[in-house]
Amino acid sequence: AGCGFYTVDDAKRREESAFYRSFVTWFEDFCRYVQAPGTKAPLDFFSWHLYVSPEWPVDRIATHAEYVRKTLGAAGLKETENIFNEWNVFRGARKEDQFEMCKTHVGGANVAAAFCVMQKSSIDKAMYYDACPTRAYCGLFTFPGHRTTPCYEAFRAWNELAKLGTACKATCDGKGLYAAAAKNGERRAFLVANVGNDAASITPNAGGGVFRIYRVDVDHPKLSDCGEWSSGAISIPANGFALVLSGFALGDAPATDHAPSQPVNGLDGSPRSRGTGR
103 AGCGFYTVDD AKRREESAFY RSFVTWFEDF CRYVQAPGTK APLDFFSWHL YVSPEWPVDR
163 IATHAEYVRK TLGAAGLKET ENIFNEWNVF RGARKEDQFE MCKTHVGGAN VAAAFCVMQK
223 SSIDKAMYYD ACPTRAYCGL FTFPGHRTTP CYEAFRAWNE LAKLGTACKA TCDGKGLYAA
283 AAKNGERRAF LVANVGNDAA SITPNAGGGV FRIYRVDVDH PKLSDCGEWS SGAISIPANG
343 FALVLSGFAL GDAPATDHAP SQPVNGLDGS PRSRGTGR
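103 is the number of the first residue of the sequence shown in our numbering; add one for each residue after it.
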């Protein structure tokens with residue numbers, strides 16, 4: 103696995119760190135090696151890592167994913183799966199603070215935002231690091247006690263979209279705002295994450311109907327029913343996210359009985375077909 107391609111979009115590291123430059127050198131040399139006549143070999147997948155933070159926001163995931171996809175394609179490895187097999191969100195001056203942050207509403211908002219970014223990227227599969235309760239990097243559970251966290255709620259929210267089976271186009275204007283949407287017949291859902299330090303107001307164009315809003319924020323560590331919405335603005339809490347559902351309530355949507363036409367990355371486990379909507 104590649105340990106990250108931080109110099110792709112970080113000029114300071116590119117200029118000052120031979121260590122980080124070597125990650126890019128190794129990857130590009132490796133692609134040439136497995137395609138060279140004397141050493142040609144099949145490559146089913148290439149995996150890589152990235153950790154994001156306020157200084158390196160979740161948008162970097164798409165940038166690095168596209169770099170991997172283009173580099174593989176340039177080497178003739180267009181069918182090689184692009185697997186983002188280690189990722190998490192860090193925020194805090196001390197490492198101890200970073201590990202604690204992963205378990206808070208801040209970590210949950212950034213994970214929800216990362217899901218939205220990955221859905222629109224060239225990533226085929228993604229693996230959060232880590233879900234083992236005893237690991238410092240685990241943001242899903244407390245230890246000891248094994249209570250679930252706001253970060254876990256981001257996975258829970260994303261699962262509601264994944265169960266619907268078909269991704270819909272979703273965009274969201276505003277710095278620090280990220281969105282994704284899915285549908286299945288009359289059942290519709292969209293997720294909006296806000297990684298900024300101020301609440302944001304959005305006015306969705308969701309095609310009419312009555313929706314229920316579930317939020318995670320500093321006051322709501324679990325997805326909490328915050329009432330109905332049918333028109334006008336919705337408030338997205340600072341360092342929080344909102345799951346908005348129509349046609350079903352949280353936890354009610356059954357999984358589809360067919361493979362999603364546009365897989366929702368990171369949860370369904372199936373690769374994205376080449377040539378389909380990204």
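Note that beta-carbon positions come from the ideal geometry of N, C-alpha and C, so glycine has one too.
Starting from residue i, follow its DSSP beta bridges and name the residues at the other end.
i	result
N184	F148
Y239	According to DSSP, Y239 bridges with nothing at all.
N286	R289
A228	F186
F343	A295, V318
G104	W150
T250	F243
S337	S303
S348	R290
V191	V154
For residue i, count neighbouring Cβ atoms within 10 angstroms of its own Cβ and tell me buried if that reaches 16, exposed if not.
i	result
K265	buried
H360	Bear in mind that the predicted position of H360 carries a pLDDT of just 43, short of 50, making it too unreliable to give a figure here.
G397	Here the chain covers residues 103 to 380 and nothing more, so residue 397 does not appear.
E188	buried
D300	exposed
S223	buried
R134	exposed
R237	exposed
N296	buried
S332	exposed
N307	exposed
P365	The pLDDT assigned to P365 is 43, lower than 50, so where the model puts this residue is not dependable; a value taken from the coordinates is nonetheless given after this. Buried: at least 16 other Cβ atoms inside 10 Å.
S348	buried
P339	buried
A177	buried
W150	buried
G342	buried
K180	exposed
E262	buried
S363	Unreliable positioning characterises S363 in this predicted model, as indicated by a pLDDT of 43, which lies under 50. A coordinate reading is not provided.
F121	exposed
P144	exposed
G104	buried
G278	buried
G379	In this prediction, G379 scores a pLDDT of 29, lower than 50, which makes its location untrustworthy; the coordinate-derived value is nonetheless stated afterwards. G379 is exposed by the Cβ-count criterion.
G287	exposed
G267	buried
G371	Residue placement at G371 cannot be trusted, given a pLDDT of 33 that sits under 50; the coordinates are not used to answer.
Leaving out the 5 sequence neighbours to the left and right, which residues in its chain are closer than 7 angstroms to residue i when beta-carbon positions are compared?
i	result
C270	A283, A284, K285
G334	T305
P235	F243, F245, H248
A281	C218, A272, T273, C274, F292, L293, V294
P252	T206, H207, G209, G210, V318, P323
E130	T173
R171	N184, S224
Excluding five sequence neighbours on each side, which residues of the same chain lie with their C-beta closer than 8 angstroms to the C-beta of residue i?
i	result
L325	E255, R258, A259, Y316, R317, V318, L345, L352
V126	F107, T109, V110
K395	Look at the range of the chain in this structure, 103 to 380, and you will see that residue 395 is not part of it.
S303	A335, I336, S337, I338
Y169	F107, V110
W128	G104
D146	T182, E183
Beta carbon of residue i: closer than 7 angstroms to some heavy atom of the ligand HEM?
i	result
L152	No copy of the ligand HEM occurs in the structure displayed, which carries no ligand at all.
Between residue i and the rest of its own chain, which residues show a CB-CB distance below 6 angstroms, the 5 nearest in sequence each way excluded?
i	result
D232	Y239, C240
(message) With three or more beta-carbon pairs closer than 8 angstroms as the criterion, would you say the segment 215 to 224 touches the segment 156 to 173?
(response) Yes: the two stretches touch, three or more of their Cβ pairs being nearer than 8 angstroms.
(request) Note down, one range per segment and in chain order, each beta strand (DSSP E) of at least 3 residues found wholly within the segment 260 to 333. (result) Counting only runs of 3 or more, we get 268 to 270, 279 to 286, 289 to 296, 302 to 304, 313 to 319, 322 to 331.
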